[in-house]
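Once you know that position 133 of the sequence shown is 113 in this note's numbering, the rest is easy, because the numbers rise by one and skip nothing.
I have placed the structure first, in the form of structure tokens, so that the comments after it can refer back to it.
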Amino acid sequence: MGTSLDRMDRRTLVVAIDGPSGSGKSTVARGVAARLGLRYLDTGAMYRAVTWLALDRGVQLDDPAALTTLAEAATLEVTTDPEQPAIVAAGTDVTAAVRGAEVTAAVSQVSAVAGVRDAMVRRQRELIGAGGIVVEGRDIGSTVAPEAAVKVYLDADATTRAQRRTAQDGGAATQAANTEVALRERDAADATRTASPLQKAPDAVVIDSSTMTIDEVVQAVLDRTAAVSA
Ligand code: DC
């Protein structure tokens, strides 16, 4: 199905997709970007890359000043192609490594540091530039791009999110209960931190994907985008 977007709109359009882990953000954001011919930015991968660098260099995770210095100085190259998103940290392609268990266990601590967030938000705004992009994260509609024309808060119940995460990681269904515990802990940390917590922007449309297919969610975001561009 087409949308009413013309090329002019696409060049400046920003679609912000926020939500907790396992809500389907990445798949949906990539799908929407591919369908509309837009770039795609995974801001979580940037926090994960800084976390990877901290672990690689032995920077203490309980030292906010050291983590801030690291984040400010880090060379990050982000590929915004929705078909092949990639991230290179200090010359190393960490696209796969940032999905590993070690990084996943440490990233909430790193992303809670205000100085790290300031450094990442600055880079995210540079990458967004004039627009033409779908951006996923936790604080995109509220903090990184409050002017975004389309803001979606994608949610799903915790059990569904844990099942999706387990399947994504290639784990057995029996692991989903453990994943759910870890995921609830990470959500709580992300939602209660003082610096830019996970939050729904007041003007974001909420989509609960618990009982929806990916295609249905992508279509719902496309419909929303067409509506605001009409
Ligand atoms: O979406 P993800 O699981 O890759 O995110 C990794 C971590 O980074 C997660 O703990 C939340 C955090 N994050 C954040 O604080 N702000 C963002 N814009 C994106 C991710």
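Note that CB positions come from ideal geometry on N, CA and C, so glycine has one too.
It should be emphasised that the depicted structure is a prediction, and the values quoted were computed from it without experimental measurement.
- Between ARG15 and GLY111, the gap from beta carbon to beta carbon reaches 8 Å or more.
- VAL96 is a Cβ neighbour of LEU47, given a cutoff of 8 Å.
- When DSSP reads this structure, GLU165 sits in no beta bridge, so it has no partner.
- The Cβ neighbour count for SER176, taken over all protein chains shown within 10 Å, is at least 16; the residue is labelled buried.
- Straight through space, the alpha carbons of TYR27 and GLY80 are spaced by roughly 13 Å.
- Burial state of SER190 is exposed, judged by a 10 Å Cβ sphere holding fewer than 16 other Cβ atoms.
- In the structure shown, LYS5 adopts helical secondary structure according to DSSP, grouped into three states.
- The C-beta separation of ALA128 from GLY121 comes to about 6 Å, placing the pair in contact by the 8 Å criterion.
- DSSP, read as helix, strand or coil, puts ALA46 in helix.
- Per DSSP, ASP203 is one residue of the alpha helix (DSSP H) stretching across 194 to 209.
- Residue pairing for LYS131: DSSP places it in a beta bridge opposite ALA(-4).
- With a threshold of 7 Å, the Cβ atom of TYR133 does not count as near the ligand DC, since no heavy atom of the ligand is closer than that.
- With contacts defined by Cβ atoms closer than 8 Å, ALA162 and THR146 do not form a contacting pair.
- Secondary structure note for ASP36: its alpha helix (DSSP H) is the uninterrupted segment 23 to 37.
- The alpha-carbon of VAL8 is positioned some 22 Å away from that of ALA29.
- When rounded, the separation of the alpha-carbon atoms in THR140 and GLY150 is 15 Å.
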